[in-house]
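Chemist: For reference, the structure I am asking about is given below.
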Amino acid sequence: MHEYRMLIINPGSTSTKIGVFHNDKPIFDRTIRYDSQQMNQFETIYAQYEFRKNSILEALDEEGINLSKLSAVCGRGGLLRPIEGGTYEVNQAMLKDLKDGYAGHHASNLGGILAFEIASGLNIPAYIVDPVVVDELSDIARISGTPFMERKSIFHALNQKSVARKVAKEMNSTYEQMNVIVTHMGGGITVGVHQRGKVIDVNNGLHGDGPFSPERAGGVPVGELVRLCFSGQYYREEIMKMLVGKGGLVGYLGTSDVQKVEALVKNGNEKAKLIYEAMAYQISKEIGAASTVLHGKVDAIILTGGIAYSKAFVELIINHVKWIADVIVYPGENELQALAEGALRVLTGEEEVKEYKGA
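Residue 80 in full-length UniProt numbering sits at position 80 of the sequence shown, with consecutive numbering throughout.
Okay, here's the thing in structure tokens:
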């Protein structure tokens, strides 16, 4: 196998995670943290890119990383136009949409920009992999029930597709040959129906349908939501906060920390027990619904994300869904590794690089 070295960049709101990979093996990683005063000096997220770029280059210099040995730079994909999954080379159309905030302004938008800025100076390619806007929904999955709204695909695409590939390999198969249901459980929860390499149905993990999560309300009774909206008691921002940020575990129990909720349950708190079990119950229902999309022909159910570290919570779900298919647990979300693997698939010719089409 040819030897490739890649710089991986994953920007967050107050940090930038970077890693250097030799093929699929990490040889260096660091989380560069910024204080709020540093971030507040910038009027926009895009205005941060030069500051973040310098902090990345300084960190690499401190570690003695030779940039001339890099084969590619890969950044976290941001809020772009809906695209199918895969690895995309950063081009001018993508840069424009990331800078303009076509689908919204978020720190992850800087991933592609930073990758391009560093890579262009080294005359090597810059990539992004499976951003949250990956949209492979079947036509029937887009129907909401009213012509005034369409179901949208916003989910943990990077981690879902990464763990699905790992499980396929472990089962001596390929992602493109398998039918799996992948459940990412973090601050938001998404359940994706992966049919032969495409996510043909998934709940909107941002502020849409599906199970409630540590901080999101998920699907709620629509009539009651309309009543709240027109009660005159709340501003629009307050309603949105109920759905995203102060929904789910936070709304019921005042915390989004599953470990704290489990401690309450162990201490005999009946309300905490009910809400804790309800979250597992709703996830299990979503998995059950997802299995019908595949006509019950499910090769595996995969549980991933931070909450998958909780054996007690995972057990609740397994007891509900194990009759459908074997349940495989992949805790956590190793985004740097997933990005590196996506870039490597293109560099080795395993996959063809994709072109982003703008306006």
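Every residue gets a Cβ at the ideal spot worked out from N, C-alpha and C, and that includes glycine. This one's a predicted model, so the numbers in the text were calculated from it and none came from an experiment.
Counting beta carbon pairs with one atom in the segment 225–239 and one in the segment 252–264, are three or more of them shorter than 8 Å?
Modeler: no
Chemist: What residue range is occupied by the uninterrupted beta strand (DSSP E) comprising arginine 5?
Modeler: Taking the sequence shown and counting its residues from 1, one reaches residue 5 at position 5. Element bounds for arginine 5: 5–11.
Chemist: In the segment 197–242, which residue ranges form an unbroken alpha helix (DSSP H) of at least 4 residues, counting only runs that do not cross its ends?
Modeler: 222–229
Chemist: Go through its chain and collect everything with a Cβ distance to phenylalanine 42's Cβ below 6 Å, but skip five positions before and after it.
Modeler: Within the sequence shown, residue 42 is the residue found at index 42, counting from 1. Around phenylalanine 42: Gln48.
Chemist: How many Å lie between methionine 185 and serine 213 at the Cα?
Modeler: The residue you call residue 185 lines up with position 185 of the sequence shown. The residue you call residue 213 lines up with position 213 of the sequence shown. Their Cα atoms are separated by approximately 8 Å.
Chemist: Ordered along the chain, which non-local residues of its own chain (more than five positions away) have a Cβ less than 6 Å from that of histidine 320?
Modeler: Residue 320 sits at position 320 when you count from the first residue of the sequence shown. For histidine 320, where only same-chain residues beyond five positions count, the Cβ hits under 6 Å are Ser284.
Chemist: With 16 as the cutoff for other CB atoms within 10 Å, does valine 226 come out buried or exposed?
Modeler: Along the sequence shown, read from residue 1 onward, the residue named residue 226 stands at position 226. With fewer than 16 other Cβ atoms inside 10 Å of its own Cβ, valine 226 counts as exposed.
Chemist: Should valine 163 and tyrosine 330 be called a contact, given that it needs their Cβ atoms to be closer than 9 Å?
Modeler: In the sequence shown, counting from the first residue as 1, residue 163 sits at position 163. In the sequence shown, counting from the first residue as 1, residue 330 sits at position 330. Contact flag set, yes.
Chemist: Take the Cβ of arginine 165 as the centre, count every other Cβ of all protein chains shown within 10 Å, and call the residue buried at 16 or more, exposed below.
Modeler: Within the sequence shown, residue 165 is the residue found at index 165, counting from 1. Buried: at least 16 other Cβ atoms inside 10 Å.
Chemist: Using C-beta distances below 7 Å, list every residue in its chain close to isoleucine 239, excluding the 5 sequence neighbours before and after it, in chain order.
Modeler: Position 239 of the sequence shown, counting from 1, holds the residue named residue 239. So the list reads Leu228 and Cys229, once near-sequence residues are dropped.
Chemist: Are the CB atoms of tyrosine 46 and asparagine 23 within a distance shorter than 9 Å?
Modeler: Position 23 of the sequence shown, counted from the start, is the residue given in the question as residue 23. Position 46 of the sequence shown, counted from the start, is the residue given in the question as residue 46. At least 9 Å separates the beta-carbon of asparagine 23 from that of tyrosine 46.
Chemist: Please state whether DSSP places residue 383 in a helix, a strand or coil.
Modeler: The structure shown does not extend to residue 383, since the chain is modelled only from 1 to 359, so the question has no answer here.
Chemist: How should leucine 274 be labelled, buried or exposed, when 16 other C-beta atoms within 10 angstroms of its C-beta is the threshold for buried?
Modeler: Walking along the sequence shown from the start, residue 274 turns up at place 274. Answer is exposed; the Cβ neighbour count stays below 16.
Chemist: Which residues in the same chain as valine 346 place their Cβ atom closer than 6 Å to its Cβ, once the five residues preceding and following it in sequence are excluded?
Modeler: Residue 346 sits at position 346 when you count from the first residue of the sequence shown. For valine 346, where only same-chain residues beyond five positions count, the Cβ hits under 6 Å are Thr87 and Val353.
Chemist: For the alpha helix (DSSP H) that contains arginine 345, what are its first and last residues?
Modeler: Residue numbering aside, residue 345 sits at position 345 when the sequence shown is read from its first letter. Run containing arginine 345: 335–347, per the alpha helix (DSSP H) assignment.
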